[in-house]
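Peer 1: Mind having a look at this structure? Questions to follow.
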Amino acid sequence: MKVIKQLMKAIELNKNGKEYRFTDIRRHEKWEGVASPYRLTFANQEARESVATYEVCANQLEEEIKEHKKKHRQELMNLKSAKELLQQELKRDKTTISDLERKSRLQSSVPDQNINAYLENGGNFMRNLSSAGSLGSMEKSCFLQASLDSSENFSEKGLVRQP
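So, in structure tokens, the structure goes:
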């Protein structure tokens, strides 16, 4: 767009009594590296030089456009790869969270099962104790059972701590 404005400016400068004309050339003929349907020719040398200057500017602009496109493509590729990495990391985090939630559900259900088993065993134990004749013997039995349970827990903890 800027090049066209510059060419129009050159044409206006040459309207002041100087000769100019457009000459048709073949559509696919290359004119100084650029395929052009028309070739602008001027009768005087000054106009030719200004057109050549604008052609150089046009070529420079085309090169800059190519560089910007290449840079933009590279930035897009970098952003796409970063996006893919973030999506993979998000997926890993989601699977990790779901695994941890699953493990926590399993761990929370295990103590419930232990408590239920203990209560069931304790219930059987209490039923057996209720058949005993005296309240004192029941208290002794409960004390002995509690001391046995605590010693078992202590020995299990000791075994766990000693690798």
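Under our numbering, residue 1192 is the last one in the sequence shown; the count climbs by one each step, no gaps. Virtual Cβ for every residue (Gly too), placed ideally from N, Cα, C. These figures come from a predicted structure and were not determined experimentally.
Quick one: Cα of THR1124 to Cα of ALA1111, how far?
Peer 2: Each residue's alpha carbon lies about 20 Å from the other.
Peer 1: Using the Cα positions of SER1127 and GLN1117, report the straight-line distance between them to the nearest angstrom.
Peer 2: Each residue's alpha carbon lies about 15 Å from the other.
Peer 1: Which word fits VAL1085, buried or exposed, when buried means at least 16 other C-beta atoms lie within 10 angstroms of its C-beta?
Peer 2: Exposed: under 16 other Cβ atoms inside 10 Å.
Peer 1: Would you tell me roughly how many angstroms separate the C-alpha atoms of GLU1091 and LEU1115, rounded to the nearest one?
Peer 2: Cα to Cα, the separation comes out at about 36 Å.
Peer 1: Tell me whether SER1176 sits in a helix, a strand or coil according to DSSP, three-state version.
Peer 2: Looking at SER1176 - three-state DSSP - the assignment turns out to be helix.
Peer 1: Taking just the CA atoms, how far does LEU1119 sit from GLU1130?
Peer 2: Roughly 16 Å separates the two Cα atoms.
Peer 1: How big is the Cα-Cα spacing for GLU1096 and ALA1076?
Peer 2: Approximately 30 Å between the Cα atoms of the pair.
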